[in-house]
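Going by our numbering, 332 is the number at position 89 of the sequence shown; the sequence numbering is gapless.
Glycine is no exception: its CB is placed at the ideal position from the N, C-alpha and C atoms.
To keep things clear, I will list the structure first and then write my remarks on it.
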Amino acid sequence: VVFSTSVTFSPPHRGVDIYLFVVGLIKEWSLERKAFSITCDNVRAMDVMVARLKSYLLSFGTLLVAGYFFHVRCSGHILNLIVQSGMKVIDKSILKLRKAINYIAEGIEAKDALVLLAIIDSSFDFSLTSEE
């Protein structure tokens, strides 16, 4: 049986406070002997909470392999950290590319304006050279 929930609570978000909150939910839902693993963000407060929660649940003797697989890191959070790190590396290149695209787009708009002017004013000389 898979049990999944998302909970929010007011600060402070210290590991001990999170642990007390989670243990309260585990007791309320009678999950002491049913919990197998937990997945959460990869922040220090969660590491503290998981360590305490693991010790608490080990006292019931129901965690497999002495709780070795209890804490499952959130792959979405890990992937986000990887992407953010990669974005820092290519950030300047992306900015340069955006400027180049804007330059080209503005050039096209200027050319279209000149063509429109030539249509409106038949005396307007709009001859392109091979350099354009």
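If you draw a 10 Å sphere on the C-beta of L263, you find fewer than 16 other C-beta atoms in it, and that means exposed. DSSP, reduced to helix, strand and coil, places R276 outside both helices and strands of the structure shown, so it counts as coil. CA-to-CA, the gap between Y311 and S253 works out to about 30 Å.
According to DSSP, residue pairing for T282 in a beta bridge involves V315. Rounded to whole angstroms, the Cβ separation of C317 and N285 is 6 Å, and the two are in contact under 8 Å. Non-local C-beta neighbours of M289 in its own chain, meaning closer than 8 Å and more than five positions away in sequence, comprise G258, I261 and C283, ordered along the chain. Assignment of R257 by DSSP, reduced to helix, strand and coil, places it in the coil class. Counting C-beta atoms within 10 angstroms of its own C-beta, M292 has 16 or more neighbours from the protein chains shown and is therefore classed as buried. In summary, F303 is exposed, with fewer than 16 beta-carbon neighbours lying within 10 Å of its beta-carbon over all protein chains present. Under the DSSP assignment, S298 falls in the alpha helix (DSSP H) whose first and last residues are R287 to L301. A check of alpha carbon separations from R295 across E352, H314 and L307 identifies H314 as the nearest. With a 10 Å radius around the Cβ and a threshold of 16 neighbouring Cβ atoms, V250 comes out exposed.
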